[in-house]
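Undergrad: My structure is below; once you've seen it, I'll send some questions.
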Amino acid sequence: MSTPSSQARIAVIGTGGTIAGAGSADPGSAAYRSAVVSVAGLLAAVPGLARLAELQAEQLFQIDSADFTDAHLLQLARRVAELCARDDVDGVVVTHGTDTMEETAYLLHLTVPTAKPIVLTGAMRPGTALAADGPANLLHAVAVAAHPTSGGRGVLVVMNEEVHSARDVAKGHTQRLDAFASPHGPLGLVVEGAPRWYRAVARPHTARTEFDLAAIGALPLVGVVAGHGNARREPCEAWAAAGARAIVLAGVGGGTVPADLQPVLRDLRRRGVHVVRASRTGAGPVIRNASFDDDACGSVAADDQNPPRARLLAALALTRADDAQAMQRIFLRY
Ligand code: ASP
489 MSTPSSQARI AVIGTGGTIA GAGSADPGSA AYRSAVVSVA GLLAAVPGLA RLAELQAEQL
549 FQIDSADFTD AHLLQLARRV AELCARDDVD GVVVTHGTDT MEETAYLLHL TVPTAKPIVL
609 TGAMRPGTAL AADGPANLLH AVAVAAHPTS GGRGVLVVMN EEVHSARDVA KGHTQRLDAF
669 ASPHGPLGLV VEGAPRWYRA VARPHTARTE FDLAAIGALP LVGVVAGHGN ARREPCEAWA
729 AAGARAIVLA GVGGGTVPAD LQPVLRDLRR RGVHVVRASR TGAGPVIRNA SFDDDACGSV
789 AADDQNPPRA RLLAALALTR ADDAQAMQRI FLRY
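Right, here's the structure in full:
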């Protein structure tokens with residue numbers, strides 16, 4: 489395996505989150521404020537970083553990741569794309585809150601047209617906590633971004649010594665350091681300060697997608713409706729009234745639609761609102777026409793995309809065409 493290049497020039501974009509948080513020293517405490525330490529401060533606190541790469545830091549946002557809007561997502565994607573297009577940048581690291589990291593990573597994975605490494609990282613504990621995880625995560629993120637084997641793999645999430653694909657990864661625990669997991673496992677591990685790869689993502693990403701950042705003014709509004717027992721029509725109606733172009737049903741099991749909601753979804757389709765059936769389980773495909781007649785309704789099965797990512801993929805699909813068949817093709821392709 490090749491060694492990291494000391495020449496790699498890595499741009500580090502700070503956006504906030506717990507990695508930039510400060511407060512209690514108790515590792516299990518929520519008594520801290522996120523998004524207070526600058527990205528330059530984060531880099532300065534990690535010994536050995538300067539030996540890994542030539543770094544340039546910029547603070548794009550300083551927010552909790554729960555506050556990310558679609559406008560923040562597009563602004564970040566455009567900035568990452570600009571940096572990746574430069575000859576003096578070999579890779580980009582984004583520091584980010586963990587709560588919505590999987591959404592940001594996925595949007596970048598589908599829209600930034602580059603083969604250069606883009607790596608997101610964050611922390612489950614603020615820098616003031618005993619055994620804070622941010623410094624090691626940042627060190628590993630830079631090591632992965634600077635490594636000559638990391639290009640062309642799509643957007644990566646480096647947390648807790650694992651390297652995940654933005655297509656699959658999700659935060660699955662509120663507190664633990666191993667909060668991030670992918671249904672099919674990570675792409676690789678960080679071993680002795682370098683990425684060691686075990687698998688590659690099969691679906692198109694970055695430079696090989698059909699989504700064109702330059703042509704996207706704003707993302708179409710897509711709402712997510714939680715699936716649960718005693719489901720009611722009101723959340724679906726509220727999204728339609730708000731002007732949503734599509735709703736993603738975070739359905740129970742394999743995307744099963746309760747009998748009472750079935751006519752509601754058909755009605756939404758007749759009114760031009762797209763319906764995407766996803767699953768709240770966190771893994772496994774939603775299969776077209778299984779337990780619901782997607783052909784008759786004109787709805788879309790989300791394959792294995794979780795509801796937050798299905799929201800983004802539906803919005804991107806709508807930037808291409810207002811067409812359920814085209815959207816279904818996109819869900820099976822990406
Ligand atoms: N609330 C924080 C955020 O997502 C949590 C974290 O970063 O771990 O910004």
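One rule links them: number in this note's numbering = place in the sequence shown (from 1) + 488. Beta carbons: idealized from backbone N, C-alpha and C, even for Gly. All values reported here derive from a predicted model rather than from experimental measurement.
1) Let's see if you can read the secondary structure: which residues bound the alpha helix (DSSP H) around T592?
2) Flag T506 as yes when its Cβ comes closer than 6 Å to any non-hydrogen atom of the ligand ASP, and as no otherwise.
3) Going by C-alpha to C-alpha distance, which of I606, P746 and L571 sits closest to V632?
4) Let me make sure I understand the geometry here. Which of L626, L618 and V577 has the alpha-carbon closest to that of G516?
5) For E722, tell me which candidate among V752, Y686 and E649 has the shortest Cα-Cα distance.
6) So V764 is in the alpha helix (DSSP H); what residue range does that whole segment cover?
7) Which full runs of the beta strand (DSSP E) of 3+ residues lie inside the stretch 520-551, going along the chain?
8) Can you tell me where the alpha helix (DSSP H) with E649 in it begins and where it stops?
9) Considering just the uninterrupted stretch of the alpha helix (DSSP H) at V643, what are its terminal residues?
10) Who pairs with R497 in a beta bridge, going by DSSP?
11) Tell whether a beta-carbon distance below 7 Å holds between V500 and V527.
12) Under the criterion of a Cβ to heavy atom distance below 6 Å, does G676 qualify as lining the ligand ASP?
13) Would you tell me roughly how many angstroms separate the C-alpha atoms of D782 and V736, rounded to the nearest one?
14) Can you name, in chain order, every residue of its own chain whose Cβ lies under 7 Å from the Cβ of C785, other than the five neighbours on each side?
15) Buried or exposed for Y822, please, with buried defined as at least 16 other CB atoms from any protein chain shown within 10 angstroms of its CB.
16) For the ligand ASP, I want to know if T586 counts as a neighbour, meaning its beta carbon is within less than 6 Å of at least one of the ligand's heavy atoms.
17) Use the C-beta contact count for N718: other C-beta atoms within 10 angstroms, 16 or more gives buried, fewer gives exposed.
18) With a 10 Å radius around its C-beta and 16 neighbouring C-beta atoms as the bar for buried, classify R733 as buried or exposed.
19) Give the secondary structure of P671 by DSSP, where H, G and I count as helix, E and B as strand, and everything else as coil.
20) When the Cα atoms are used, what is the spatial distance from P614 to A510?
21) Looking at S526 and the ligand ASP, is the gap between the Cβ and the nearest heavy atom below 6 Å?
22) How far does the alpha helix (DSSP H) with I818 in it extend, from its first residue to its last?
23) CB of S512 to nearest heavy atom of the ligand ASP: below 6 Å?
24) For a minimum of 3 consecutive residues, which ranges assigned as the beta strand (DSSP E) are wholly contained in the stretch 685-772?
25) If you draw a straight line from the alpha carbon of V788 to that of D748, how long is it in whole angstroms?
26) Would you mind reading off the limits of the beta strand (DSSP E) that contains T609?
27) With distances taken from CA atoms, which of A729, V525 and G770 is nearest G760?
28) If you compare alpha carbons, which of R817, P535, A703 and S522 is closest to D552?
TA: The structure says:
1) Looking up residue 592 in the sequence shown gives position 104. Run containing T592: M589 to T599, per the alpha helix (DSSP H) assignment.
2) Reading the sequence shown from its first residue, position 18 is the one you call residue 506. The answer is yes for T506.
3) Stepping through the sequence shown from its first residue, residue 632 is reached at position 144. Answer by Cα proximity: I606.
4) As a working mapping, residue 516 is identified with position 28 in the sequence shown. Minimum Cα-Cα distance from G516 among the listed residues L626, L618 and V577 corresponds to L618.
5) Translated into positions along the sequence shown, residue 722 becomes position 234. Checking every option, the nearest Cα to that of E722 belongs to V752.
6) In the sequence shown, counting from the first residue as 1, residue 764 sits at position 276. Here V764 belongs to no alpha helix (DSSP H); instead the beta strand (DSSP E) covers H762 to S767.
7) 542-551
8) Stepping through the sequence shown from its first residue, residue 649 is reached at position 161. Segment: none, E649 is in no alpha helix (DSSP H) and carries neither H nor E.
9) Translated into positions along the sequence shown, residue 643 becomes position 155. First-last for V643: undefined, no H or E at that position.
10) Here residue 497 corresponds to residue number 9 of the sequence shown, with the count starting at 1. E542, per the DSSP bridge assignment.
11) As a first step, residue 500 is located in the sequence shown; it is residue number 12 there, counting from the start. As a first step, residue 527 is located in the sequence shown; it is residue number 39 there, counting from the start. Against a cut-off of 7 Å, the Cβ pair of V527 and V500 comes out as a contact.
12) Translated into the one-based positions of the sequence shown, residue 676 becomes position 188. No, the ligand ASP has no heavy atom inside 6 Å of this Cβ.
13) Here residue 782 refers to the residue found at position 294 of the sequence shown. Here residue 736 refers to the residue found at position 248 of the sequence shown. Rounded to the nearest angstrom, the two C-alpha atoms are 14 Å apart.
14) For the purposes of this step, residue 785 is taken as the residue at position 297 of the sequence shown. If we look at C785 and ignore the five residues flanking it on each side, its Cβ neighbours are L753, R754, R757 and V763.
15) Looking up residue 822 in the sequence shown gives position 334. Y822 is buried by the Cβ-count criterion.
16) Locating residue 586 in the sequence shown gives position 98, counting from the first residue. Checking the Cβ of T586 against the ligand ASP gives yes.
17) Along the sequence shown, read from residue 1 onward, the residue named residue 718 stands at position 230. Label assigned to N718: exposed.
18) Residue 733 sits at position 245 when you count from the first residue of the sequence shown. The residue in question, R733, is buried, as its Cβ has 16 or more Cβ neighbours within 10 Å.
19) Counting from one through the sequence shown, the residue named residue 671 turns up at place 183. The answer is coil: DSSP assigns P671 none of H, G, I, E or B.
20) Taking the first residue of the sequence shown as 1, we reach residue 614 at position 126. Taking the first residue of the sequence shown as 1, we reach residue 510 at position 22. Computed Cα separation, rounded: 5 Å.
21) Within the sequence shown, residue 526 is the residue found at index 38, counting from 1. Checking every heavy atom of the ligand ASP against the Cβ of S526, none is found closer than 6 Å.
22) If you number the sequence shown from 1, residue 818 lands on position 330. Residues A812 to R821.
23) If you number the sequence shown from 1, residue 512 lands on position 24. No, the Cβ of S512 stays beyond 6 Å of every heavy atom of the ligand ASP.
24) Complete beta strand (DSSP E) runs here, min 3: 710-714, 734-739 and 762-767.
25) As a first step, residue 788 must be located in the sequence shown, where it is residue number 300. As a first step, residue 748 must be located in the sequence shown, where it is residue number 260. If I take the Cα positions, the gap works out to 19 Å.
26) Start at 1 with the first residue of the sequence shown, and residue 609 comes out as number 121. It spans I606 to T609 - the beta strand (DSSP E) in which T609 sits, taken as one unbroken run.
27) What you label residue 760 is simply residue 272 of the sequence shown in a count that begins at 1. The candidate whose alpha carbon is nearest that of G760 is A729.
28) Working through the sequence shown from its first residue, we reach residue 552 at position 64. When each option's Cα is compared against that of D552, the closest is S522.
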